[in-house]
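Enquirer: Residue numbers -23 to -1, 1 to 366, in mature numbering (1 follows the signal peptide of the UniProt record, and there is no 0), belong to the letters of the sequence shown in order. Just so it is clear, CB atoms sit at the ideal spot from N, CA and C, and this is done for glycine as well.
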Amino acid sequence: MKAKKVMALMLCAAMVTSMSATAAFAAEEKEDAATEESADSTAAEDPTAQFDGLKANEAYEFPMMVKSFQSTYWDAAQEGMKKASEELGVTYKAQGPNSESDIADQVNMINTAIGSNPVGLGLAACDTSSVQDALKTCAEKGIPVVTFDTGIADAPEGSVVCEVCTDNAQAGAVAAENMYNSIKDVVKDADGQVIIGEVNQDATAQNIQQRGTGFINKMIELLQADGKTVAVSGNEFYVNAAEGADADAKDADVVIQVAVPAQTTVELCSTEAQAILSQENCIAVFGSNQVSAEGVLAANANLNVLGSDPANGDVVGVGFDAGSIIKAAVKDGTFIGAVTQSPLMMGYYAIYALTAAANGQELEDVPTDGYWYDATNMEDEDIAPNLYD
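1. Whose CA, out of A180, D366 and N75, lies closest to the CA of Q105?
2. Could you name each continuous alpha helix (DSSP H) segment of 4 residues or more that falls completely within the segment 100 to 158, going from the start of the chain to the end?
3. For V291, count neighbouring C-beta atoms within 10 Å of its own C-beta (all shown protein chains included) and say buried if the count is 16 or more, exposed if not.
4. Mind pulling the alpha helix (DSSP H) runs of 4 or more residues that sit fully within the segment 21 to 99?
5. In terms of alpha-carbon separation, which member of G294, V293, Q251 and N289 lies closest to N279?
6. Between E341, V343, A327 and S301, which lies nearest to A361 when the distance is taken from Cα to Cα?
7. Return the chain-ordered list of same chain residues with a C-beta closer than 8 Å to the C-beta of V268, the five sequence neighbours on each side being excluded.
8. 9 Å is my cut-off, CB to CB: does N34 come that close to chain B?
9. Among L200, G189 and V293, which has the Cα closest to the Cα of D144?
10. In chain order, what residues of the same chain have a beta carbon less than 7 Å from the beta carbon of N266, not counting five sequence neighbours either side?
11. Expressed to the nearest angstrom, what Euclidean distance is found between the alpha-carbon atoms of residue 368 and Y326?
12. For S255 and A239, what's the separation of their Cα atoms in angstroms?
13. Taking DSSP as the reference, what is the three-state secondary structure of G337?
14. Using beta-carbon positions only, say whether G294 and L274 come within less than 9 Å of one another.
15. Please return the same chain residues whose Cβ sits closer than 6 Å to the Cβ of G284, not counting the five positions on each side in sequence.
16. Tell me whether P344 sits in a helix, a strand or coil according to DSSP, three-state version.
17. What number of angstroms, rounded off, separates the C-alpha of A315 from the C-alpha of G174?
18. Which of the three DSSP states, helix, strand or coil, is assigned to T317?
19. Tell me whether V273 sits in a helix, a strand or coil according to DSSP, three-state version.
20. Can you give me the start and stop residues for the beta strand (DSSP E) that G191 sits inside?
21. With respect to the beta strand (DSSP E) encompassing E175, which residues constitute its N-terminal and C-terminal limits?
22. With V67 and E38 assumed to form a contact (beta carbons below 8 Å), what rounded beta-carbon distance in angstroms separates them?
23. Whether or not the segment 117 to 131 and the segment 60 to 74 are in contact is what I'm after, with contact meaning three or more pairs of Cβ atoms, one per stretch, closer than 8 Å; do they touch?
24. Locate the beta strand (DSSP E) running through I260, then write down its first and last residues.
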């Protein structure tokens, strides 16, 4: 009897020990899962955290394909590349065509770079459809590609490992919201049809497509919320991409006219902007990047219609990006404001992403911020660093 009692006590003790161990293991698993979830949450909140403590395993060299060297935007991007490469002990070679319309030249440069079997490739594509074959080759060769400034939505699987870009649809919407705040009373009180213009330097780069469409769709939403009918006219891509237009151009209360030049130059953007601004019922115009915004300002040099007082007949202008010409126009009220992004940080994190990819690290995309600025906030600490010359 005593032996049975001892055995029972031993079994009970074993069961308690087992249950305690199981509970401890479950608690440990739960804690590990919580830690992993917390880490994932931190990475989601700040995707740049994936680069904390990053060191290059080797002295890597990366070809960095920019869209062109025709605006100071790309100078700012290279400043970011330089800073990151010095921190990480890697090197890069920035290459690009003379203008963002020279698509074939950029494709040739990309193919030449791929032929040298780099450990990674940075790419800001002038025309996202033109680089599909090159990206397929990169995937086949195991060359990781980091896109910056503009993403490539339909990139071949396994080619693009990280995207470092502004949320361009949202940035275009920000431009529309701030413009509409200035013109809504003019729209409301108009006796007849009014025109809002948009000048996009191209219809081929994903960032410009998203930005231009983001502006159009948000403007349609705002106008219709105030009971206005809207049509979109002009460039075929943007007309087809627009969502929610509910009228023909001849009948609409508001027509959003979209112009795209034959080539991406300030001069040709100016020609398109002049055609829009010359219409008596034009009340506002948006230039969706540095080149097109400078084109709008060049057109205004001849017409002198832009200003900050729409109630007294000024045409409201909104720009995008920075540069000395756009900043001066915002400061003196020729533009009511603009949306800036951070090409410097795009260049910076593109080098970090390439280095991490070359080390074999899996990556998350890195969205960069866009900010509305006007004459009142250009010196603010979160704005001023992004207002490159």
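Expert: According to the data block:
1. To locate residue 105, count along the sequence shown from 1; it is residue 128. A quick correction: the sequence has Thr, not Gln, at residue 105. The shortest C-alpha separation from T105 is found at A180.
2. 109 to 118
3. Counting from one through the sequence shown, the residue named residue 291 turns up at place 314. Position check: residue 291 holds Asp in this sequence, whereas Val was assumed. With 16 or more other Cβ atoms within 10 Å, it is buried.
4. 49 to 65 and 80 to 92
5. On the sequence shown, position 302 is the one that residue 279 refers to. Ranking G294, V293, Q251 and N289 by Cα distance to N279 puts Q251 first.
6. Here residue 361 refers to the residue found at position 384 of the sequence shown. Residue S301 is the option with its Cα nearest to A361.
7. Numbered from 1 along the sequence shown, position 291 holds the residue referred to as residue 268. The answer, listed in chain order, is Q47, S48, E77, Q178, T241, T242, V243 and C246.
8. Checking the listed chains, one finds no chain B in this structure; it contains a single protein chain.
9. Start at 1 with the first residue of the sequence shown, and residue 144 comes out as number 167. The option with the nearest alpha carbon to D144 is G189.
10. Here residue 266 corresponds to residue number 289 of the sequence shown, with the count starting at 1. For N266, where only same-chain residues beyond five positions count, the Cβ hits under 7 Å are Q178, I185, F297 and D298.
11. No answer is possible for residue 368: the residues shown for the chain start at -23 and end at 366.
12. Counting from one through the sequence shown, the residue named residue 255 turns up at place 278. Counting from one through the sequence shown, the residue named residue 239 turns up at place 262. Between S255 and A239, the C-alpha separation is close to 20 Å.
13. Your numbering for residue 337 matches position 360 in the sequence shown. Note: G337 maps to coil in three-state DSSP.
14. Here residue 294 is taken as the residue at index 317 of the sequence shown, counted from 1. Here residue 274 is taken as the residue at index 297 of the sequence shown, counted from 1. In contact: G294 and L274 (Cβ atoms closer than 9 Å).
15. For the purposes of this step, residue 284 is taken as residue 307 along the sequence shown, with counting starting at 1. Here the set comprises D291.
16. Here residue 344 refers to the residue found at position 367 of the sequence shown. If DSSP states are grouped into helix, strand and coil, P344 belongs with the strands.
17. Residue mapping note: residue 315 aligns to position 338 of the sequence shown, counting from 1. Residue mapping note: residue 174 aligns to position 197 of the sequence shown, counting from 1. Roughly 15 Å between the two C-alpha positions.
18. One-based indexing of the sequence shown puts residue 317 at position 340. Of the three classes helix, strand and coil, the one that applies to T317 here is strand, per DSSP.
19. On the sequence shown, residue 273 is found 296 positions in, with the first residue counted as 1. Helix, per DSSP.
20. To locate residue 191, count along the sequence shown from 1; it is residue 214. No beta strand (DSSP E) holds G191; the alpha helix (DSSP H) holding it covers Q183 to A202.
21. For this step, residue 175 is matched to residue 198 along the sequence shown. E175 -> beta strand (DSSP E) spans V171 to V176.
22. One-based indexing of the sequence shown puts residue 67 at position 90. One-based indexing of the sequence shown puts residue 38 at position 61. Right, their Cβ atoms sit about 7 Å apart.
23. no
24. Taking the sequence shown and counting its residues from 1, one reaches residue 260 at position 283. First-last of the beta strand (DSSP E) with I260: C259 to G264.
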